[in-house]
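For reference, the structure discussed in these notes is given below.
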Amino acid sequence: MQNKDASAKRPRRKIGQRGRKKHPVQAVLAFCFLLGFMGLFLVGGVATGYIAALVKDEPVRSKEEIQELLFSKFQTGFAYYQDGSLIGQLRAKGEDRRMVKISEISPALINAIIATEDKYFYEHSGIVVQSTLRGTIQELTKQSVVTGGSTLTQQLIKRTILSPEVSHKRKAKEILHAIRIERMFSKNQILEAYMNDVYFGKDANGSNIYGVQAAAKGIFGKDASNLDLAEASYLAGLPQSPMAYSPFNKEGYRRGLERQKMVLERMRENNYITAAQQQQVLSTNLQAHLAKPEKRAYAEHPFLMMEIEERTAEVLLDQKLLKDGRDKSQIGRNEYRQLLEEQRRQILQKGYHVYTTVHKEINTAMEKIAANPKNFGSNRTYYVTRGGKKEKIENALEEVGATLIDNKTGAIIGMMGGRDFNVEQTNHATAPRQPGSAMKPIAAYAPAFELGLLQPGSPIDDSPVLLADGSKGTHLPLNWDRKYHGMMSAREALRQSWNVPAIKTYLKVGIPTALDYVKKMGVTTLVDSDNYAATGVIGGLAYGLNSEEITNAFSTFANDGNFVDAYMIQKIVDSRGNTVYEHNVSPVKVFSPQTAYLMTDMMRTVVNSGTGTSVRKYVPKGVDIAGKTGTTNDSFDLWFVGYTPDVTLGVWTGYDVPTTIPGSAQRRPMEIWGKVMTEIFKIDPKVADKSAKFNKPSGIVSATIDSKSGLLPSELSKQTGHVITDLFNQRFVPTKVDDSHQKVRVVQVGEVLYLAQENTPDDFVTEGVFFKSPEPLPSSDQISAKNSKVGTKPADWAERMPEKEDPRVAVDGTPSAPAGVTTARSGSGTTLTWNASPEEDVLGYRIYRASVNGGFEKIATVKDPKTTSYTDTGRNDHGYYVTAVDLSGNESQASSTSGGVDGNIVIPGDSNPPVQPNPDHNQPGTEVDPIVPPDNGQTTQPPVATSAPSKIQGVSASKTADGIKVSWKKAPAKDHITAYNVYYAMNGTTNYQLMDSVAETSFVLTTNEPGGSFYITAVNTYGESAPSAHAKVK
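In the UniProt record's numbering, the protein residues as written are 1 to 1034.
If you want it as structure tokens, here you go:
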């Protein structure tokens, strides 16, 4: 609102003392004159009484009330990028109104409006008596041509204070208000209010336009201050019939030009322009001046504009609640939504200018990536069950949601709300979805590091665990490969995203404590039931997390452990230019810099050699990045949240109605992440510096610990090779020496290891160094009862010290000799078979072979009493016999002999028995056999290897119906192989990952990948061989 007179050009002719208000007596006389005239039509009445009756129900408004009605209009709001450039108009329900001051309006337009609508504007006191009387007489006498009798002041009152009805009552009220308003406000204030309120029809995009600024922008594409005479004179003619004179259709433009001629004539008559100027305008082609239709921001950036609306309403509402002393947390959700909607309506009507943190070019690039169908899979049709009914979902888009945040400030630089707003309006950047394994860093490992419960090298037991489940009794959590991998470091657990170690860490921290840390990092979607879900750390939450909040949480690690709340609204300015809101960055310490760095270093490993390596296809290794993948059960939701020292980007992909995502799309979040980061590096290197490195704080040291207990290594730790070196927060380096390793004698009974009884013969015992499990393991029966398709033992079960002694009970007497001994020759040697001994305390069997020295010598021990065969790989014909041995060490008589005889046959019990070697580790002819799972079909165990295996030969790989099959030649027997490791790289050159460890010489990888490359290594008790030659898929 303008308080000073504008310098609009005045006409050359003298028209009294323009701008000076008439004496009150004149106004009263004019009003009385009108009363007197109207009194002629009242039979027996008094004019004054009649007028009083007409206006008796009209309230006498204060100046403040009238000012609010005249000057507080609906106004168009605008949103801006971080550089101040325009994003677009806020929604206005098809209307556009932009307030300007009188000094910001072209004098040509002011003069044209006055000349056309109210040439006595600067002279009258709200009404022109002659015009009012003339209009009244014409109306009452029903003349065919009715001339206008309303001043600009009266027209303004019609639009702002009174209803649009046509009646003597409304006319009387209008006259009364006009006289009062002229006494309250200056001429320029009234003119400014009129100029900002008058309707001008529709703009180039078809929106209704109110006020001269919206008209100038919408019709001629320029500000009202820059209108020339031709444009101003055309606009001045529009208010009489805006739609009829629209310049955007042929007939409207023709009529508009005729109307413009009248305007110019009025301007010339009142000395605003010369005849020459009039003729010059009439020769102007105004169609060349017309604005072109533009894409609206809501059409071009729909997700962004809707989000700006929501956030603007939120910050203003929260600010208001704080000012009113109301606690937001105590307001019900429904009431808050109602208040938010009311605030949103005000935002769309009050002409706010909203300045955001969004980077124009980067956000546009993100929107283009989301909109490009080549970046996603084909649309899918599938079935889901909802509410007990099967439902068909047709032509569903693979959706995406992403948020890019500045680590230091929390500013949201860009976002992906979805692929096509016309198909699905859900903003997937703010809609909660289950986070899967992306929850592990923020809910398990970071809190554990901060509390000193773990460090990157600390061991976690990836072994079966039965968790309490209120509905099912117990629950058996699984890893993605349905196996258990034994003791491993926290770094390795996160690198390969194993579930069980994360769950155990989550429980060790304590769920409520862990979630308190998550809440400190800005997550708001957690509910009370999440405090009781042990699987919440792998995505089993009530509602899940959204892209913005999980990205914001990860940015805490990049920001030295300080959480900075993400925001999009930087500043809000009202229509008068007053700043009504400005964001302040307020960091909150959540973790120490040491914890933050250790988490970053672990997630570097994820990206460089773990589940997140696909991003390296787009971002070279020279760029310092860290991140974590996330996959939920049944692959309904896929995530990758990664960060550089400068920015954090979180990406979700999935379907609006959850369904399993195909294997070919499993790396989609990493691909989108990589493509966005590539664009950022190209568009604005200042946003994310490729050369920046994560800051390593003081207090980070390297230490070597026992890999099974996490304590300082003992001699036995070193002897077994159970040592690991990793980074530590100096505060949490262990000071105690490991005591979990012991040298013991063990036996295997079925699939269970026990401590050997004192009298158990040495050749039926494995003596070695074992470590104590950190906690008891469930039995195989307990595990199989929950899930018969998973492994029942961790991979390192044979290295663990049994908790119980062999429970078998010795029976008095010597066991009977094995019966039914037979031999059979084959290409691989001689195979003996016999009948199992009937005694329950039999440990197993000893195999004897005829010796060239004239007797028999023990060549093997079969440690499983249920195993009744043995193959001797010797190529000569020999004679054999078998004995049974019990728990007390008693050995049976020899069985009958079988096979050829080399020398005299002497059996135990003879007066001259053959000399049998003492089963001692230092004696030749005996072996200490490593324990392997009992279902490997071997009757004897390979000896302890003294060197690593030789390189595997003959590796080949080819496509099959199920995926890719890789095969290789069997390792030489001398290498004593215990397993083969299969490594695969999908790009065929780098980033090989361990797929599985197998006993066979082939492996099938179930995948949709068209190619890739494999290499194989052999493993024995000494170590792992060098990699084989790489074999590309054919």
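Glycine included, every Cβ here is placed at the ideal spot set by N, Cα and C.
Annotation: the continuous beta strand (DSSP E) that includes T403 extends over 399-406. When DSSP states are grouped into helix, strand and coil, K786 belongs to the helix group. DSSP, reduced to helix, strand and coil, places H168 within a helical segment of the structure shown. A straight-line Cα-Cα distance of about 27 Å links I680 and I572.
Within a 10 Å sphere around the beta-carbon of V885 sit 16 or more other beta-carbons, which makes this residue buried.
L176 and S167 have their C-alpha atoms roughly 14 Å apart. According to the DSSP assignment, W652 belongs to the beta strand (DSSP E) that extends over 647-654. DSSP, read as helix, strand or coil, puts Q666 in coil. The Cβ-Cβ distance between Y567 and Y355 does not fall below 8 Å. In the three-state DSSP reduction, W797 falls in the helix class (H, G or I). M416 counts as buried, since no fewer than 16 other beta carbons sit within 10 angstroms of its beta carbon. W498 sits in coil when the DSSP states are folded into three classes, being neither helix nor strand. The beta carbon of G650 is closer than 6 Å to those of T403, S547, I550, T551, V641 in its chain, skipping five residues each way along the sequence. For E424, same chain residues with a beta-carbon under 8 Å away, outside a window of 5 residues either side, are L397, E399, G418, D656 in chain order.
At a Cβ-Cβ threshold of 8 Å, A275 and R268 count as neighbours. Closest in alpha carbon position to Y881, among R254, I859, G874, is I859.
Taking the C-beta atoms as reference points, E803 is found nearer than 8 Å to P776. Rounded to the nearest whole angstrom, the CA to CA distance from K323 to L316 is 10 Å. P669 is classed as buried because its beta carbon has at least 16 other beta carbons within 10 Å across all chains shown. When DSSP states are grouped into helix, strand and coil, M986 belongs to the coil group.
In this structure, L887 lies near D841, with their beta-carbon atoms less than 8 Å apart. Per DSSP, A961 lies in no beta strand (DSSP E) segment and is marked neither H nor E.
Straight-line spacing of the CA atoms in Q154 and Y122 works out to 14 Å. In the three-state reduction of the DSSP assignment, A468 falls in the strand class.
DSSP places D516 in no beta strand (DSSP E) but in the uninterrupted alpha helix (DSSP H) bounded by 511-520. Per the coordinates, the alpha-carbon of Q287 lies some 17 Å from the alpha-carbon of Q279. With a threshold of 16 other beta carbon atoms within 10 Å, Q343 meets it and is buried. In the structure shown, Y81 falls within a coil segment according to DSSP collapsed to helix, strand and coil.
Judged by DSSP secondary structure, I157 falls within the alpha helix (DSSP H) whose first and last residues are 152-160. A straight-line Cα-Cα distance of about 44 Å links N334 and F694. DSSP, reduced to helix, strand and coil, places R255 within a helical segment of the structure shown.
Taking the C-beta atoms as reference points, N226 is found no nearer than 8 Å to K119.
With respect to the C-alpha of V765, the residue from T595, E805, S784 having the closest C-alpha is E805.
Bridge pairing for F591: absent [DSSP]. With fewer than 16 other beta carbons inside 10 angstroms of its own, G699 counts as exposed. One alpha carbon belongs to F421, the other to V955, and they sit about 50 Å apart.
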